[in-house]
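Residue numbers (our numbering): 4 to 118. We put the CB at the ideal spot given by N, CA and C, even for glycine. In this text the structure is predicted, and so the values were computed from the model without any measurement.
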């Protein structure tokens with residue numbers, strides 16, 4: 004049994020027990036259009052909403068100077084991207100940087116700094 008097979012079911016079980024229903028609104032890469040009349044480039048995004056289980060709590064991160072700082076962090080099973088929106092109950096969080104927990108190269112879960 005590899006680490007993924009051992010720990011992924013545990014991550015799912017813990018999020019099912021302690022997490023809450025949430026929606027991850029993914030802002031797909033922008034489509035850029037050039038308007039020759041105005042000589043401007045415009046971009047549009049097509050948001051996609053994914054139902055997920057998530058939990059938000061404190062987690063220790065490193066800041067730009069390498070110091071340990073505590074930040075609000077969402078734990079998810081779905082890969083986030085910077086700028087995505089996590090809707091958890093009445094609260095909306097913007098995804099910042101994130102870490103992928105992937106022993107042996109297979110993602111088990113994602114930790115995303117939220118604000």
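1. Over what stretch of residues does the beta strand (DSSP E) that includes residue 27 continue unbroken?
2. Mind the definition here: the segment 79-91 touches the segment 22-30 only if three or more C-beta pairs lie below 8 Å; say whether that holds.
3. Between the alpha carbons of residue 66 and residue 40, how many angstroms are there, rounded?
4. Buried or exposed, going by whether 16 or more other CB atoms sit within 10 Å of the CB of residue 96?
5. Taking all protein chains shown into account, do 16 or more other C-beta atoms lie within 10 angstroms of the C-beta of residue 111, making it buried, or fewer, making it exposed?
6. Measuring straight from C-alpha to C-alpha, what distance separates residue 8 and residue 106?
7. What residues in its chain sit with their C-beta under 6 Å from that of residue 6, if we drop five residues either side in the sequence?
Working from what's here:
1. 23-30
2. yes
3. 45 Å
4. buried
5. With 16 or more other CB atoms across the displayed protein chains lying within 10 angstroms of its CB, residue 111 is buried.
6. 10 Å
7. Here the set comprises 106, 107.
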